[in-house]
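Residue numbers for the sequence shown follow our numbering, beginning at 52 and rising by one. Cβ atoms here follow ideal geometry from the backbone N, Cα and C, with glycine treated the same way. Heads up: the structure comes next, in structure tokens.
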Amino acid sequence: MFEGKTVVVTGAGSGIGAAIARAFSRQGAKVCVSDLNLEAAQSVAKEIGALALQCDVRVEDNIAALVKDVEAAHGPIDVFISNAGLAMGEPQHAASASTEVWQLNWDVHVMSHVFAARAVLPEMITRGSGYLVNVASAAGLLNQIGDAAYSATKHAAVSFAESLAITHNDDGIDVSVVCPQYVATPLLSMNDDTEVTGSLISAEDVANCVIEGMKKKEFFILPHPQVSEFVALKATDHARWVAGMKDLRRKFLRESECGDLKEMHKFI
Ligand SMILES: NC(=O)c1ccc[n+]([C@@H]2O[C@H](COP(=O)([O-])OP(=O)(O)OC[C@H]3O[C@@H](n4cnc5c(N)ncnc54)[C@H](O)[C@@H]3O)[C@@H](O)[C@H]2O)c1
């Protein structure tokens, strides 16, 4: 299904993005590995024989240039995967992250998806085909304890993906939003060598789910199947869901060795 297709992945110098780039390369796609960190992108691209391009997804002109350069090298873009992301946490209370950190979360997790859609949609609509994949998070459906800016902006990312699907599925454009829980990547101070157990999965697991989910054109790609149960509980008994999240937070504060978000997966 992806043989010969032109695929762009942002934030692909590391973690989930790198794993998705590798997975598409194995499928025979023409992949562009893009990242803010050019050296990291070049290293992944070299490994899989792909194109490496630097792009800061916060800057609309950077995304427009990325699209132009990929089109010049490989022809029209079939799949654009907006994956770049970050997690900064919050120093104290739920509003304590600085305004700059909130803005950064908004720019990287939401506006980058808007800029990508703006850059590729006109051509995809004309062609009557294309696929937009936005990597959000289970935090965009549920919540990330200890990071209100991450949770709020990932919710916005899910909402924007819904708008894309509602508006553009009839133009022949497919849309998926990827919502994992904890994945062993540098974002959580882990890497591909980290032993994954319980609710912690590998970046490769996520990439395989993305490929399989896209083959079925699933809107929600949920690498952790339990997320759909939590979403159903949140929708049907919100008070019970909030009570469960408060219990989880108390348990984490009581029992976590370092109090860092990278420990959270041990508690769910
Ligand atoms: N690791 C997890 O537990 C987890 C869970 C759910 C969702 N996610 C999401 O998955 C995506 C990938 O995260 P990851 O875990 O692989 O993290 P990672 O830190 O391994 O990789 C993120 C990549 O994004 C790049 N990046 C950051 N800001 C950028 C910018 N402005 N422009 C371009 N590139 C930029 C970084 O250089 C890095 O290579 C993110 O959107 C993240 O929110 C991660």
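Ser85 and Leu193 have their C-alpha atoms spaced approximately 29 angstroms apart.
Taken in chain order, the complete alpha helix (DSSP H) segments of 4 residues or longer contained in the region 150-190 are 150-157 and 163-178. One Cα belongs to Ala124, the other to Ser65, and the distance between them is close to 23 angstroms. Taking non-hydrogen atoms of ligand 1 into account, the C-beta of Cys83 is found less than 7 angstroms away from none of them. Relative to ligand 1, the beta carbon of Asn156 is positioned no closer than 7 angstroms to any heavy atom.
For Val257, there is no enclosing beta strand (DSSP E); the residue is part of the alpha helix (DSSP H) that begins and ends at Ala254 to Lys266.
A distance below 7 angstroms between beta-carbons, with the five flanking residues on each side excluded, links Phe270 to the following residues of its chain, in chain order: Ala216, Val226, Ser227 and Val228. DSSP, reduced to helix, strand and coil, places Ile319 outside both helices and strands of the structure shown, so it counts as coil. Contact check for Leu239 against Lys297 fails: the beta carbons are separated by 8 angstroms or more. Ser202 is not a Cβ neighbour of Ser163, given a cutoff of 8 angstroms. Note that the region 204-220 does not touch the region 236-256; fewer than 3 beta-carbon pairs, one per stretch, sit closer than 8 angstroms. Looking at the DSSP output, Asp86 sits in a beta bridge with Gln105. Straight across, the Cα-Cα distance linking Gly295 with Thr287 is about 14 angstroms.
Between ligand 1 and the CB of Gly140, the shortest heavy atom gap is not smaller than 7 angstroms.
By the criterion of a C-beta distance shorter than 6 angstroms, Asn88 is surrounded in its chain by Gly64, once the five residues flanking it on both sides are discounted. Ile132: member of the beta strand (DSSP E) spanning Val130 to Ser133, first to last residue.
In this structure, Pro237 has its CB closer than 7 angstroms to one or more heavy atoms of ligand 1. In the three-state reduction of the DSSP assignment, Phe270 falls in the coil class, being assigned neither a helical nor a strand state.
If you draw a straight line from the Cα of Ser76 to the Cα of Val82, it is about 6 angstroms long. Annotation for Asn88 indicates a beta carbon within 7 angstroms of some heavy atom of ligand 1.
As a beta-bridge residue in DSSP terms, Ser227 pairs with Val184. A direct Cα-Cα distance of roughly 12 angstroms separates Val59 from Ala168. By the Cβ neighbour-count rule, Gln143 is exposed, with fewer than 16 other Cβ atoms within 10 Å of its own. Membership of Val118 in the alpha helix (DSSP H) is indicated by the continuous run Glu111 to His125. CA-to-CA, the gap between Asp120 and Ala101 works out to about 13 angstroms.
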